[in-house]
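Participant: As they're listed, the protein sequences go chains A and B.
All residue numbers in the first sequence are consecutive under this note's numbering, ending with 279.
All residue numbers in the second sequence are consecutive under this note's numbering, ending with 1306.
The beta carbon of each residue, even a glycine, is placed where N, CA and C say it ideally should be.
Structure incoming, see below.
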Amino acid sequence: MTNLSVAATRRWKLAGRYGLASLLLVFFVFPIYWLFIISFKTPDEIFHFPPVWYPKSLQFANYAVLFKDGDAVSVLNSLILAGVSTVIAMIFGTMCAYSLVRFKTGGEDFAVWVISQRLMPPIAIIFPIFLLYVYLGWVDSYGGLIILYTAFNLPYVIWMMRGYIEDIPLELEESALVDGCSRWAVLWKVVFPMARTGLFATAVFTFVFAWNEFIFALVLTRTEVVTYTVQVTHYFGGQSNFWAKIAAMSALGTVPVFITVSLLQRFLVRGISMGAVKG
Amino acid sequence: MTSASHADNSGGAHHPSRRMPDHNFRYWIIAPSVFLLLLIGLFPLIYSLVVSFQQITMTDYDTSFAGLTNYAQLFDDARLWQSIAHTLIITIIALPIELVFGLAMAHLFLERMPGRQIFISLIVLPTVISPVVAGATWRLLFDQRYGPINQVIGWFAGHDVIMLWNITPHLVYPAILICEVWQWTPFMFLILLAALSNVDKSLTEAAELDGAGFWRIFFKIVLPAIWPVMAIAILIRGVDLFRIFDVIWALTSGGPGTMTETISIYTYVQGFQQFESSYTAAIAFLIVGLMSVIVIWAIRRMGLAK
């Protein structure tokens, strides 16, 4: 084969790859485009047959309604619940992970138990939790959901931080101990700062999981702490759906996630594979 | 409020203090986590077990011992077994599609090409969306009149098409599966892409020089190399599919009738719409028991905790 035909074949191959890649792009991105574009449409454009592929102008009336009616508070609720529970889970989880790594506390059995908690179906625990919360008066309260989200995300935090802490050189901790630091001081002054990249990446994913959570919020919220995911489902009706509100509320909840994840591209694989891939 | 004051005690334990003896340190630092994990891991299990031996329903708060009545009812409950069957059908169909599709995509993007990172960043977006939002999105897309999908199908068919995706019995499963595959194939894709990138190039190149074909190299070298990562991806997706709730809730709510009711949806209906407390507890206990066995076996098998 001559050099020329090798180059030609290579070019065709590349063109083919771009063709396939573009098709995939359409399949995976068009639905997101559609969701967002509906949020900018006027009612006439939304309920138009055949469908309008793009609106004449971008108008924000659908978002304005959410803020005027107070529905947008649900995004704030999601922020509070996910934010506070993430901070607590990170502190408790990292401490626990440190104990697992350095002292092998509980051995393999404890580690297996921790990870198995992550894989349990929420539906199996939500019913007894609901009855407990009714008894304690915790339903529809920030505290109740924060405790639940913290507990539910702990196995993930412990799991991820275990991997990051294993990467910290033991010598640093040992020299701190020799210098007279207590174990607590080592944990706060050596381990936490050394693991800060992992802490940050793990915190972001923990936050996203809590932010996107639906079933706990569905069961345990009524009016006070409704999250954006539950709010979206309130717009489904038996006869007609409030399309503009569904789209605008979904977009409000989704944009922050997109921005965060885009900024954290290089941690994405490790984050979603529960540390199976160390990138 | 005993449990609340408990949480405060263990929560206060992390204050640095020199009086705290170092030899108990390792237990002090796991205490808050263990407490919270027991709260959501062990308490529900015990509570379900207790309640499942009583006869609590919406109308009757009967806590007398009912023996195995609720567990006997499990075996006669056709709707329960159907919901388990629905869950398994979705899992068995969606998981291989996501795996094979994701692997093929990973192959496509394995070699460098200009703009590759942008393609990848955009393609993975569905995976980070809330599943309930994904379901809502596809509900809008599937709308028989104002959604774009019937419109596009109409172009190919040459006439207007009215397909009721979330109502017609033979279309509801395809609708759910399309949404599932759309959201989670990028998850498989991203993990497998990373795994493929880590495969030792010298091994595959040497095999190529020896005249081994693509499939031979794939099964003999690539697959064994990526298997540990692939197994974890399958495990994560497998348990996620088994507990599928959000997407179906948004798309069909289990309908038409009970056609797309999965185990999670059915348990929700029993517990929170029909208030069959004791019976729901029995179902919850069945699920936890079943999943514990499978999950713990899988974790040990894969050596995840080592």
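Could you say if the segment 1237-1251 of chain B and the segment 1171-1183 of chain B meet the contact criterion of at least three C-beta pairs nearer than 8 Å?
Facilitator: At 8 Å Cβ cutoff, the stretches touch.
Participant: What is the rounded straight-line gap between the Cα of B:Ile1265 and the Cα of B:Leu1080?
Facilitator: One C-alpha to the other measures close to 10 Å.
Participant: Quick check on the DSSP output: what are the complete alpha helix (DSSP H) runs of length 4 or more inside the segment 75-158 of chain A, in order along the chain?
Facilitator: The qualifying runs are 107-119 and 122-136.
Participant: Considering only their Cβ atoms, is the gap separating B:Ala1134 from B:Ala1179 smaller than 9 Å?
Facilitator: Sequence check: residue 1179 of chain B is Cys here, not Ala. Against a cut-off of 9 Å, the Cβ pair of B:Ala1134 and B:Cys1179 comes out as a contact.
Participant: Using 9 Å as the threshold, is the C-beta distance between A:Ser85 and B:Ile1029 below it?
Facilitator: Contact: no.
Participant: Whole angstroms are fine: how far does the CA of B:Pro1186 sit from the CA of B:Ser1130?
Facilitator: The alpha-carbon atoms of B:Ser1130 and B:Pro1186 are separated by roughly 14 Å.
Participant: Please report the straight-line C-alpha distance between B:Ser1202 and B:Ile1221, rounded to a whole angstrom.
Facilitator: The alpha-carbon atoms of B:Ser1202 and B:Ile1221 are separated by roughly 11 Å.
Participant: Here's the rule I'm using: 16 or more other beta-carbon atoms within 10 Å means buried, otherwise exposed. How should A:Met161 be labelled?
Facilitator: Classification of A:Met161: buried, given that the 10 Å Cβ count is 16 or more.
Participant: How would you label B:Arg1301, buried or exposed, when you count the other beta carbons within 10 angstroms and need 16 or more for buried?
Facilitator: Under this definition B:Arg1301 is an exposed residue.
Participant: So if I threshold CB-CB distances at 8 Å, which residues from the segment 140-163 of chain A count as touching chain B?
Facilitator: Within the segment 140-163 of chain A, the residues whose Cβ lies closer than 8 Å to some Cβ of chain B are Ile147, Leu148, Thr150, Ala151, Phe152, Leu154, Pro155 and Ile158, listed in chain order.
Participant: Output yes or no for whether 9 Å exceeds the beta carbon distance between A:Gly83 and A:Phe236.
Facilitator: Cβ atoms of A:Gly83 and A:Phe236: not closer than 9 Å.
Participant: Below 7 Å CB to CB, which residues in the same chain sit around A:Ile165 once its five sequence neighbours on both sides are set aside?
Facilitator: So the qualifying residues of the chain are Ala97, Tyr98, Val101, Val191 and Ala195.
Participant: With a threshold of 8 Å, are at least 3 pairs of Cβ atoms found where one atom belongs to the segment 52-70 of chain A and the other to the segment 126-133 of chain A?
Facilitator: At 8 Å Cβ cutoff, the stretches do not touch.
Participant: Tell me which residue opens and which closes the alpha helix (DSSP H) that B:Asn1198 is part of.
Facilitator: B:Asn1198 -> no alpha helix (DSSP H), and no H or E assigned at all.
Participant: Kindly indicate which three-state DSSP category B:Gln1144 falls into: helix, strand or coil?
Facilitator: It is coil, neither helix nor strand.
Participant: Flag this pair as yes or no: are the beta carbons of A:Val29 and A:Gly253 separated by less than 9 Å?
Facilitator: Result no, Cβ atoms of A:Val29 and A:Gly253 do not sit closer than 9 Å.
Participant: So that I know if they touch, is there some Cβ in chain B lying closer than 9 Å to that of A:Thr254?
Facilitator: Taking Cβ atoms only, chain B reaches closer than 9 Å to A:Thr254, which makes this a yes.
Participant: Starting from the beta carbon of B:Thr1267, find every residue of chain A whose beta carbon is closer than 9 Å, and list them in chain order.
Facilitator: Ordered by position in chain A, the residues that pass the 9 Å Cβ test against B:Thr1267 are Pro121, Ile123, Ala124, Ile126 and Phe127.
Participant: Bridge partners of B:Asp1160, per DSSP?
Facilitator: Paired residues: none, contrary to the question.
Participant: What are the residues in the segment 1205-1238 of chain B lying within 7 Å of chain A by C-beta distance?
Facilitator: Here the close residues are Val1229, Ile1232, Ala1233 and Ile1236.
Participant: Looking only at DSSP bridge pairs, what is B:Asp1062 linked to?
Facilitator: B:Gln1055.
Participant: Could you please give the first and the last residue of the uninterrupted alpha helix (DSSP H) stretch that includes A:Tyr228?
Facilitator: Its alpha helix (DSSP H) spans residues Tyr228 to His234.
Participant: Taking three-plus beta-carbon pairs below 8 Å as touching, is the segment 1068-1082 of chain B in contact with the segment 1040-1055 of chain B?
Facilitator: Yes: the two stretches touch, three or more of their Cβ pairs being nearer than 8 Å.
Participant: Taking the continuous alpha helix (DSSP H) assigned at B:Ile1217, which residues delimit it?
Facilitator: Taken as a continuous stretch (DSSP letters only), the alpha helix (DSSP H) holding B:Ile1217 covers Phe1214 to Ile1217.
Participant: With a threshold of 9 Å between beta carbons, is A:Ser57 in contact with chain B?
Facilitator: By this cut-off, A:Ser57 is not an interface position.
Participant: What does the Cβ neighbour count give for B:Glu1098, buried or exposed, with the cut at 16 atoms within 10 Å?
Facilitator: B:Glu1098 should be labelled buried.
Participant: Using a Cβ cut-off of 9 Å (strictly closer), state whether A:Asn241 contacts chain B.
Facilitator: Closer than 9 Å to some Cβ of chain B, the Cβ of A:Asn241 qualifies, so yes.
Participant: When you compare only the Cα positions, how much space is there between A:Pro43 and A:Ala244?
Facilitator: A:Pro43 and A:Ala244: Cα-Cα distance of roughly 7 Å.
Participant: When DSSP labels each residue in this structure, what does A:His48 get in the three-state scheme?
Facilitator: DSSP places A:His48 in coil when its eight states are reduced to three.
Participant: Just checking, does the segment 253-262 of chain A make contact with the segment 1141-1155 of chain B on the three C-beta pairs under 8 Å criterion?
Facilitator: As far as the Cβ criterion goes, the segment 253-262 of chain A does not touch the segment 1141-1155 of chain B, which means the pair count is below three.
Participant: Along chain A, which residues have their Cβ under 7 Å away from the Cβ of B:Ala1250?
Facilitator: In chain order: Thr233.
Participant: When DSSP labels each residue in this structure, what does B:Asp1210 get in the three-state scheme?
Facilitator: Reduced to three states, the DSSP call for B:Asp1210 is coil.
Participant: In chain A, which residues lie less than 7 Å from B:Phe1272 when you measure between Cβ atoms?
Facilitator: By Cβ distance, chain A contributes Val219.
Participant: In this structure, how does DSSP classify B:Gly1041 when only helix, strand and coil are distinguished?
Facilitator: Note: B:Gly1041 maps to helix in three-state DSSP.
Participant: Could you name the residues of chain B that A:Phe47 contacts, counting a contact when the two beta carbons are closer than 8 Å?
Facilitator: Ordered by position in chain B, the residues that pass the 8 Å Cβ test against A:Phe47 are Tyr1146.
Participant: What residues from chain A crowd round B:Met1105, counting only those whose CB sits closer than 7 Å?
Facilitator: Correct list: Leu24.
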